[in-house]
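**Q** Sharing a structure below in structure tokens format, with a few things to ask.
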Amino acid sequence: MKVHLIYFSPGGTTKRTVHNIAQGMGNVEVIEHDMLVQENRRKKYNFKTDDLVILGMMTATKLFGVPEEIFNSIQGHNTPIVGVVLYGNGYYGKSLICMKKEVESRGFKMVAAGAFIGQSSFAPKIAKGRPDAKDREIQLQFGKDIYEKVVVNKDFSFKSKLKINWPKDDTLTFVKCAIGSALPGYTVKLPYAWNQLSLNDNCIQCKKCEKHCPVNAIDIFTKSFDRKKCLGCAGCISICPKKAISLANPSLVNMMKKLETTRAERKEPKTFF
Ligand SMILES: Cc1cc2nc3c(=O)[nH]c(=O)nc-3n(C[C@H](O)[C@H](O)[C@H](O)COP(=O)(O)O)c2cc1C
1 MKVHLIYFSP GGTTKRTVHN IAQGMGNVEV IEHDMLVQEN RRKKYNFKTD
51 DLVILGMMTA TKLFGVPEEI FNSIQGHNTP IVGVVLYGNG YYGKSLICMK
101 KEVESRGFKM VAAGAFIGQS SFAPKIAKGR PDAKDREIQL QFGKDIYEKV
151 VVNKDFSFKS KLKINWPKDD TLTFVKCAIG SALPGYTVKL PYAWNQLSLN
201 DNCIQCKKCE KHCPVNAIDI FTKSFDRKKC LGCAGCISIC PKKAISLANP
251 SLVNMMKKLE TTRAERKEPK TFF
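Number 4 in the UniProt record's numbering belongs to position 4 of the sequence shown; there are no gaps in the numbering.
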């Protein structure tokens, strides 16, 4: 059985997580498809019953990034798939439910799923350093359990009932999550005003941000960020070796400061079979 890792991971936490899961599976052949790369999202991937796909995406209330392109690029033929979402110690809303629905309408069978915590894209103090050593142990064990279930026992069942992960502690966030969950589609896009980035003098024009941006929204030579294209994924902020890029919208910066307090308590990963 070949294990295909498909991931969209601007900040790298989703990528690390799917890697750990695959490592937990032991000595399997692993093939990677990095969906941050635009050309990869435009390819067509056909998977067989004896492939296993691990699909990892970062999340807001629903899935975030470019899920439509990713889903449209993959086709299964009764192919087992593991759904993985990463969230920044807040809540993962409806993301696993959306992912299951989308992949199962494209010939896949979800055999396991997991919601894991990753360092926040916008506020690095939230869930700092995660996935950490404790998360890694859980991810390795998750991979081991998937191997036993799917590869050894050929068990493609999924008995867990996926529910919306509601924010219970804060009414305003609860209401926002409820509205977001009820809206059609699965992509949450940042309000236009929030897609504002600033570049300081530390920039050495290494172009790492340009290459990393999933939608080619950056021209570092002219110091321009195309806010119409920008997804607000914060990949450029996390990849910059000189910490030259930062959020510029005061409301968003303020909100992140508040979240540092309300999202301080450690949440633990959840897995489903
Ligand atoms: C636009 C956007 C919205 C996000 N919304 C949420 C959210 O609602 N709840 C949460 O816990 N984390 C949220 N996050 C944080 C990411 O899901 C989290 O940091 C994730 O680990 C990032 O994955 P990556 O490192 O693979 O990019 C959001 C991040 C971005 C960029």
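Backbone N, C-alpha and C define an ideal beta-carbon position, used for all residues, glycine too.
Taking the beta strand (DSSP E) that Ile-54 belongs to, which residues open and close that run?
**A** Taken as a continuous stretch (DSSP letters only), the beta strand (DSSP E) holding Ile-54 covers 51-58.
**Q** If you count every other CB in all the chains shown that lies within 10 Å of the CB of Ala-115, and 16 or more means buried, which is it?
**A** When all chains shown are included, Ala-115 counts as buried.
**Q** Note down the Cα distance separating Gly-26 from Leu-199, rounded to an integer number of angstroms.
**A** Roughly 43 Å separates the two Cα atoms.
**Q** Can Asp-51 and Lys-100 be called in contact, C-beta distance under 7 Å?
**A** No, they are not a contact pair.
**Q** For a quick check, are the C-beta atoms of Val-111 and Pro-80 less than 7 Å apart?
**A** Yes. Within cutoff.
**Q** Could you tell me whether the Cβ atoms of Gly-83 and Leu-96 are closer together than 7 Å?
**A** Cβ distance < 7 Å, so Gly-83 and Leu-96 count as in contact.
**Q** Within a Cβ cutoff of 6 Å, which residues of the same chain sit near Ala-113, ignoring the five residues on either side of it in sequence?
**A** These residues qualify, in order along the chain: Gly-83, Leu-96, Phe-272.
**Q** Apply the 10 Å Cβ neighbour rule to Ser-120 and answer buried if 16 or more other Cβ atoms are within range, or exposed otherwise.
**A** Buried.
**Q** How about Cys-236 and Cys-203: are their beta carbons less than 7 Å apart?
**A** No, they are not a contact pair.
**Q** Give a single yes or no on whether Leu-96 has its beta carbon closer than 6 Å to a heavy atom of ligand 1.
**A** It does not: the Cβ of Leu-96 is nowhere closer than 6 Å to a heavy atom of ligand 1.
**Q** Using 6 Å as the cut-off, classify the Cβ of Ser-9 as near or not near the heavy atoms of ligand 1, replying yes or no.
**A** Checking the Cβ of Ser-9 against ligand 1 gives yes.
**Q** Short of 8 Å in beta carbon distance, which residues of its chain neighbour Thr-187, apart from the five on each side in sequence? Order them along the chain.
**A** If we look at Thr-187 and ignore the five residues flanking it on each side, its Cβ neighbours are Lys-62, Leu-63, Phe-64, Gly-65, Val-66, Pro-67, Glu-68.
**Q** May I have the straight-line CA-CA distance separating Ile-164 from Thr-222, to the nearest angstrom?
**A** Rounded to whole angstroms, Ile-164 to Thr-222 spans 43 Å at the Cα level.
**Q** What did DSSP end up calling Leu-199 once you bin it into helix, strand or coil?
**A** Reduced to three states, the DSSP call for Leu-199 is strand.
**Q** In chain order, which continuous runs of the beta strand (DSSP E) of length 3 or greater are located wholly inside the region 108-162?
**A** If we require 3 residues or more, the beta strand (DSSP E) runs fully inside the region 108-162 come out as 108-117.
**Q** Here's the rule I'm using: 16 or more other beta-carbon atoms within 10 Å means buried, otherwise exposed. How should Arg-41 be labelled?
**A** Arg-41 is buried by the Cβ-count criterion.
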